[in-house]
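All remarks here apply to the structure that follows.
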Amino acid sequence: MPIWNRLFPGDQKVWRVAAVLGSLLAALLFQQVALVKRDYYTGSNSVSNRAPVTTANARSKVCLPGVWVPAGTGRVRFSVLPGTGGGELEVTLRSNGHTVAAGRGKPLPVGPQLADVVIPTTQATRKLTVCVSPLGIRTSFFGVLEAQVDNPAPRLDGRKFASSVATWFLPPGGSRRTVLASIPDMLNRATRLRAAWFGPWTYALVLLLFPVLAYSAVRLLATASETHRHRVPLVFSVALIAFAWAASWSVITPAFDAPDEQDHFAHVQSLAVTGKSPCRSCSKPPYSTELSRAIEGTNVFAYNENGLTRPPWLEGQERDALRHLGRDGPPDDGGGNTTAATHGPYYYLLLVPAYLATKAVGGDVFARLQAMRLVSSLLAGLVVAMVFLTGRELFPRQRLVAVSAALFVGLQPMVGFVGGAVNNDNGVNAAMAVLAFILVRILRRGLTPARGVALATVLVLAPLVKITGYAAYPPALLTLAFVALRQHRLRNLKAWGAGAVTFILLSAVRGQLTPVFTLDGVKGAGGGSPPPPPGSGSPTAPPGTGALTQDPLGLLSYIWQVFLPRLPFMQDYITVAWPFFTIYVVRGFAAFGWYSITFPHWVYSTIVVVGAVVALMAVNVLRLHWQAVKSRGRELLTLGAIVVTVVGSVHTAFFSSRLVLPEQGRYIFTALVPIGLLAGVSCYGLGRRHASQVAAVLLMLTLALAWASQLLGMFSFFA
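Under our numbering, the first residue of the sequence shown carries the number 566, and numbering increases by one thereafter.
Right, here's the structure in full:
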């Protein structure tokens, strides 16, 4: 076989589209990475500007002792709110009472701002005292209302105050750098406060891995034809790509810089060390001393939720943190109330072996966190495997649907970011993906004892992983109603009985296991006990059903306003413009860290346009292939019910809280199977003849967003 055919097998139309569109997108990305120069930091004290923490009168002095000032610093930046009348800032860097550098900033306009003060460029990285004085004007300084652990307290005119002032260090004025030029520094900085075996090579490997994943994805799409044989089953190939993508994010994301990751780590640690889940009614602190010191070392609570601030990345900062972590600190004196204490132990039990194995070989908190992240990445691969298998079950003669749907989901940026974090969303996402496959298989092939047992198992376990797993029940009941219309004779009793008995037995076992892992019972959202599965005791409604029964019209109005403009007769429940955009586009596609690292607005607008085109093509599939769609009506209704139930339950649960926008795009990942298949089916919106080319276009757009997201994350965390 010619070398060309070996390297680029299958549908050549896919390869041509990938070559043309990929070249254009690569050129755009190269222009952004290699040619566009951007501002960058030489360092920071890893404190964000959340609120005013101290106010200095004119000629007063705010001093921050023990600050690591990087070499090459030519500007010091503060977040300030000056009073009226004009003024400026004066900065001095001191060591042992001697002035190392000093400078004065430009006059400050009125209003909150980031103010830079130019100083002589530093030649070495040193721990110094940074003092700043407002001249001629009373000025408030922003930071966080917490003191940095192990740092001397900041002082205002010699008086200590228990807060941290946000401080950034930048190169001399006018210095800007491309992402490409920043890569050597980023590779080195990213290794701080990580597993001991991490090095710059780890991140270089991650950056080089993506082209391999991109080539593999295009190759799978090109060979999706039913006539092409694969040495490795396709389901394993797509799952491996998804695992590798999530694993790469597990390496990129700084320790605990994913939503609530420290709480989920605490749950695993509590199970591993004490055999019990965190206890909501105990007086114990939420985190062990060991974990608390690791969190303090990363300073994550001071810098997260702010895209301007960076994690510690200097060698001196790491030494200080590890010295603090190395003090005596038992891992078993925590386990009190945390966010993760509201969830059952079953996802966390999957991570316990990784925790114990890493600890057994001397791994510190950061090594254990990384091992646990890799286990979560396996669950991301399982989700994508279920997308593929459900697509094959539903469209056995159109393998392109299954392959493209799996790749779209597996390479989606937020799926990778969440999949590479310790978060029990990964557990419930996997459970719901398995459920979708089981339901479609039952509808296609009928209910058997084995399928009844599988369905009952998922229905019992899904809510125990996370209470949002109760979204499994409405589509499951719909499926069983469809099945009952066909399988209601005596010979079908065995299948129904196997499922019912399994459900009852597992519910009873669940009731017996709960005291084994918990001191005060697994809690539900909001602090109440979770509703036991039917058959295990008196039922309690899942969270959010109160809003459904007490104010159903208000709830429907609220959900309408999340997606569509408010109608004149509706009460105004919304605090942001078009919540759908913020929740499902920004937070659902690309918002990293604690949702603080995002693209420019035009990127998300482009996603909306592409999503609208995909939806229109999916609608056109109804017209072009109505008979094929009609023959799968029950399956499609069931998959649609998963989406409706998930979206409805999320917004029902948060209906009563309107001061902020609490819903997160990742909550819809429990419906990744039907969403992915919708995108896969849309490839046929221009007819069978062009399906592979449409799929190639969508895949290349997905790959471009994915790689841009990875570079955005690296630059935003480490440059």
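Here a beta-carbon is modelled for each residue, glycine too, at the ideal position from N, C-alpha and C.
Residue environment analysis places tryptophan 1159 among the buried positions, since at least 16 neighbouring C-beta atoms fall within 10 angstroms of its C-beta. From the listed residues Thr687, Ser698, Ala666 and Ser660, the smallest Cα separation to leucine 673 is found for Ser698. A straight-line Cα-Cα distance of about 24 Å links valine 618 and threonine 607. According to DSSP, residue pairing for threonine 1147 in a beta bridge does not occur. Valine 632 and lysine 849 have their C-alpha atoms spaced approximately 33 Å apart. Arg1010 is the residue among Val1215, Leu654, Arg1010 and Gly1034 whose C-alpha sits nearest the C-alpha of glutamate 1200. Counting along the chain, the unbroken beta strand (DSSP E) around tryptophan 733 starts and ends at 732-735. The C-beta of arginine 1231 has 16 or more other C-beta atoms within 10 Å across all chains shown, which makes the residue buried. The beta carbon of glutamate 711 lies closer than 8 Å to those of Ala727, Ser728, Ser729, Phe866 and Ala867 in the same chain, with the five residues before and after it left out. Here tryptophan 633 is bridged, per DSSP, to Lys692. Secondary-structure assignment with DSSP links alanine 621 through a beta bridge to Thr704. Bounds of the beta strand (DSSP E) holding arginine 642 are 640-647. Valine 952 is positioned such that its CB atom lies closer than 7 Å to that of glycine 1241. Judged by their CB atoms, serine 1161 and asparagine 864 are not nearer to each other than the 7 Å cut-off.
In the structure shown, threonine 904 adopts helical secondary structure according to DSSP, grouped into three states.
Between alanine 599 and arginine 642, the beta carbon gap of about 26 Å keeps them out of contact (Cβ cut-off 8 Å). The DSSP-derived three-state label of aspartate 990 is helix. The alpha-carbon separation between leucine 972 and threonine 756 amounts to approximately 30 Å. In the three-state scheme derived from DSSP, where H, G and I count as helix and E and B as strand, valine 675 is classed as coil.
Shown here, glycine 909 sits in coil according to DSSP, grouped into three states, outside any helix or strand. For the pair threonine 686 and proline 737, the CB atoms are nearer than the 7 Å cut-off. In this structure, tyrosine 852 lies near alanine 831, with their beta-carbon atoms less than 7 Å apart. Per DSSP, the beta bridge partners of glutamate 655 are Arg669 and Ser698. For phenylalanine 931, the enclosing alpha helix (DSSP H) has its first and last residue at 930-959. Here the segment 793-801 makes no contact with the segment 773-783; the two share fewer than three CB pairs at distances below 8 Å. Assigned with DSSP and collapsed to three states, aspartate 885 falls in helix.
Proximity to threonine 704 across Thr1147, Pro749 and Val645 peaks at Val645, based on C-alpha coordinates. Counting every other CB atom within 10 Å of its CB across the protein chains shown gives glycine 1062 a total below 16, marking it as exposed. Per the C-alpha coordinates, the member of Ile1069, Thr903 and Ala789 positioned closest to arginine 962 is Ala789.
DSSP places alanine 1155 outside both helix and strand once states are collapsed to three, so it counts as coil. In the assembly as shown, valine 1174 is an exposed residue. Its beta-carbon has fewer than 16 other beta-carbons within 10 Å.
Distance from cysteine 696 to arginine 659 at the Cβ level is roughly 6 Å; contact confirmed, criterion being Cβ atoms closer than 8 Å. In this structure, glycine 1245 lies away from valine 1186, with their beta-carbon atoms at least 7 Å apart. For aspartate 828, the uninterrupted alpha helix (DSSP H) segment begins and ends at 826-839.
Taking a C-beta distance under 7 Å as the contact criterion, asparagine 994 and phenylalanine 1280 do not qualify as a contact pair. Following the DSSP letters along the chain, one finds valine 1262 inside the alpha helix (DSSP H) bounded by residues 1256-1283.
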